[in-house]
Amino acid sequence: MAMKLTTKQKDMLDGKLGEAKQFCMEKLADFGEAVEATEMVDLVLVLNACPIFSKDRSKPETLAKLSAYDLGHSALYDPIFAMKDAHVDDETGTVCGNDPYLVQFDKIEEKGYPWNFEIPGKGSFKLDAEMTRDFKAGHDKLVEHGWLNWLSCNPYLNTNIPKMNEYAASSESSAACYINTIYGARTNRESPVNTIYCAYTGCLPKYGSHLDENRAAKCIVTLDDEVRDNLKGMADWGAVGACIAGKADNRIMAVENLPKHMSAGATKNLISCASPGMNDPILHLMGFTPESPTLEAAFKGNMPKNPERYKVTMDDMVEMYRHLNSLAPAPGPDRAKPVDIVIVGCPHATFDEVREVARLIKGKKVKPGVQLWVQTDTPTYFMAQHYGDTKTIEDAGGKIYHQTCMAMNPFRHYPKNLSIATSSFKYVKLGAGFGSEGTTWIYGNPEAIIAAAVTGTFTPTARWDFWSQPRDMRLASERVKPLYDGAIPMIS
């Protein structure tokens, strides 16, 4: 069945609005037929992965580099970049922008950043000059075509905020889930193929999470009071998000018994860490998701008499921390783990996260030979400069930067046998997946990893071993002395 098109959409498909729009509409029309869409939706936001624009793509040596640096979609831009008068569809309100690159363009040659650093005794890494050139060429071509280069994975926080029931197209998975969950706008977790064509047309076939019937909750996940009351650090929020997704087992869930307050960083981390474990990019966070004021609304009027219910317990949280950490044996007072790199901000650190790092590092010094990296988006980067947080972090020996993403690193080309501590669930998963021989991953809350940056070792205390005890023994011990809020969540 052919899709119903507006006059403008027909004009684009017929070539009346230029070669680029016709080329992209033909691709979207084919996709719409494949997903049996009946109409297109107009978009207010398009977020896509950043392209590398290489004029030497056919050269074997360039192809070898692209295999390390490119996500595989950049060549799809090439025919559009070659077309005359190609321009994104921003005249009707579609704002288009891209995920980050691997380098802050005005600091390419500066040392001590992820694109140019050395770990004493282990080796160094510097971004290839040809790839740096081609990153910038891709960036400049997007500017020429009208893209708003926010170079951020979370522009939805401060650059372009979709409203309820508006439509967006995001190839960034955590962004898609946040947009659906917190704003009630509608987006699928798009491929970086579709989002290229969406940008130049301003529309997309209506399918998937655009439709009410595909946004309904299928089960209920509840945090027990112990977990709810002891979510202390940013790593805890990531871990609980992952636990929620694990309980739901690829079904859309309604989440109950959340804390009454969640900061921007907490909400972002919970959602971004739940999203990778879900087929559909939406959670119904009861008390927060605007389209879900009640459980009945979350189930879209089809709530069963006895819906499936699951509970996230402290034991689930402990097991998630064990899963995320590649520490063997577990660290303790006599088994401190050396740390080479400490990373904050994947997805990009919010202003509250940056300020927490500044507070924790103020008056201290990063140990020589250790790297402390704080990555954030452009608005937050300049806010941090204005309010002095940048100076605090840099005076301590750390680095804060924007326009970049750790997930874009050719990590397998980093030095071997690194020890990396982070509060980012997403980076533990992505970085470990990219692979670097012998790397140890440490997942912990900001207090613990910033202390590691200062001391050069990660030492959560002997309480780490506490979690290997049987549950009844732990309960008895809890009455004796408090727990340390570091690599593990606190309980009272």
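This note's numbering puts the first residue of the sequence shown at 12, with every later residue one more than the last. All C-beta atoms, glycine included, are put in the ideal place defined by N, C-alpha and C.
In three-state DSSP terms, what is residue i?
i      : result
Ala97  : coil
Phe42  : helix
Val238 : helix
Cys107 : strand
Ile263 : coil
Tyr218 : coil
Pro203 : coil
Glu405 : helix
His84  : coil
Met23  : helix
Leu74  : helix
Tyr425 : coil
Thr361 : coil
Ser182 : coil
Ile372 : helix
His295 : strand
Whole angstroms is fine: what's the gap from residue i's alpha carbon to residue j's?
i      : j      : result
Gly104 : Leu54  : 8 Å
Cys164 : His295 : 22 Å
Glu50  : Ala432 : 47 Å
Lys19  : Tyr211 : 13 Å
Asp260 : Asn336 : 22 Å
Asp247 : His84  : 34 Å
Asp67  : Lys147 : 15 Å
Asp110 : Met245 : 22 Å
Ala40  : Met14  : 8 Å
Arg333 : Ala463 : 19 Å
Thr73  : Gly157 : 28 Å
Lys410 : Tyr167 : 24 Å
For residue i, count neighbouring C-beta atoms within 10 Å of its own C-beta (all shown protein chains included) and say buried if the count is 16 or more, exposed if not.
i      : result
Glu367 : buried
Gln396 : exposed
Thr17  : exposed
Thr300 : buried
Glu201 : buried
Phe393 : exposed
Leu215 : buried
Arg320 : exposed
Lys258 : buried
Glu183 : buried
Glu177 : buried
Arg423 : exposed
Give the C-beta separation of residue i and residue j to the nearest angstrom, bearing in mind that I take them to be a contact with Cβ-Cβ under 8 Å.
i      : j      : result
Ala250 : Met325 : So it is not a contact: roughly 11 Å between Cβ atoms.
Pro292 : Lys440 : Between Lys440 and Pro292 the Cβ distance is about 16 Å, and since that is not below 8 Å, they are no contact.
Ala369 : Ile404 : 6 Å
Is residue i near the ligand MG, in the sense that its beta carbon is under 7 Å from a heavy atom of that ligand?
i      : result
Pro426 : This structure does not include the ligand MG; it has no bound ligands of any sort.
*Any chance the stretch 192 to 209 sits against the stretch 268 to 276, with 3 or more Cβ pairs inside 8 Å?*
no
*Would you call the stretch 198 to 218 and the stretch 55 to 75 in contact, with 3 or more CB pairs under 8 Å?*
yes
*Please confirm if the stretch 412 to 430 is in contact with the stretch 178 to 188, defined as three or more CB-CB distances below 8 Å between the two stretches.*
no
*At least three beta-carbon pairs within less than 8 Å, the stretch 232 to 247 to the stretch 305 to 314*: Short answer: they don't touch.
*Can you find at least 3 beta carbon pairs, one from the stretch 123 to 131 and one from the stretch 370 to 383, that sit closer than 8 Å?*
Cβ pair count under 8 Å is three or more, so yes.
*So does the stretch 278 to 292 actually touch the stretch 387 to 395, counting three or more Cβ pairs closer than 8 Å?*
no
_Across the stretch 32 to 39 and the stretch 80 to 99, are there enough close Cβ pairs to call them in contact, namely three or more that are closer than 8 Å?_
yes
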